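Undergrad: In the numbering used here, the protein residues as written are 309 to 441.
Idealized CB from N, CA, C, for every residue including glycine.
Please read these numbers as outputs of a predicted model, since none were measured by experiment.
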């Protein structure tokens, strides 16, 4: 039903946002992955059912480990209440590792939002949805 584009580097969205069905953290997750030194030239993610939140896996599984959408997009961290809670979303293993390091060192919580790596400068940085027809 019409294509859309989400430019990760600028946040500009043209048409329907192809990342919209995957939740608020989808753009940050894709941008994080794009920042890895050996990111694929083409990343493919399956559809997400907007009513159930189910992600249609490419293989015989109930979800898509490491992909966008579904219950896996809503992780949680269960920890003792006396440990400081970081400000903002903890996105990716690097951010979670920084939280653990702070806890081990007895440091106060720091904002987690600044821990997401930036996209590679040479990357085009856009996500396109399916086109018409």
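For residue 400 and residue 380, what's the separation of their Cα atoms in angstroms?
TA: As a working note, residue 400 is residue 92 in the chain shown. As a working note, residue 380 is residue 72 in the chain shown. The straight-line gap from Cα to Cα measures roughly 12 Å.
Undergrad: Please identify the residue among 335, 416, 388, 366 whose C-alpha is closest to the C-alpha of residue 320.
TA: Along the chain shown, read from residue 1 onward, the residue named residue 320 stands at position 12. Checking every option, the nearest Cα to that of residue 320 belongs to 335.
Undergrad: Go through its chain and collect everything with a Cβ distance to residue 329's Cβ below 6 Å, but skip five positions before and after it.
TA: On the chain shown, position 21 is the one that residue 329 refers to. Closer than 6 Å at Cβ, skipping near neighbours: 356, 358.
Undergrad: Closer than 6 Å by C-beta to residue 325: which residues in its own chain qualify, once you throw out the five before and the five after it? Chain order, please.
TA: Indexing the chain shown from 1 puts residue 325 at position 17. Answer for residue 325: 312, 314, listed in chain order.
Undergrad: Mind checking who residue 363 pairs with in its DSSP beta bridge?
TA: On the chain shown, position 55 is the one that residue 363 refers to. According to DSSP, residue 363 bridges with 356.
Undergrad: Compare the C-beta of residue 409 with all C-beta atoms of chain C and state if any pair is closer than 8 Å.
TA: Considering every chain present, this structure includes no chain C. It has just one protein chain.
Undergrad: With DSSP collapsed to three states, give me the class of residue 405.
TA: As a working mapping, residue 405 is identified with position 97 in the chain shown. DSSP places residue 405 in helix when its eight states are reduced to three.
Undergrad: State the Cα-Cα distance for the pair residue 337 and residue 397, rounded to the nearest angstrom.
TA: In the chain shown, residue 337 corresponds to position 29, counting from 1. In the chain shown, residue 397 corresponds to position 89, counting from 1. Those two C-alpha atoms are separated by around 11 Å.
Undergrad: On a Cα-Cα basis, can you pick out the residue from 417, 317, 395 that is closest to residue 341?
TA: As a first step, residue 341 must be located in the chain shown, where it is residue number 33. Out of 417, 317, 395, 317 has the C-alpha closest to the C-alpha of residue 341.
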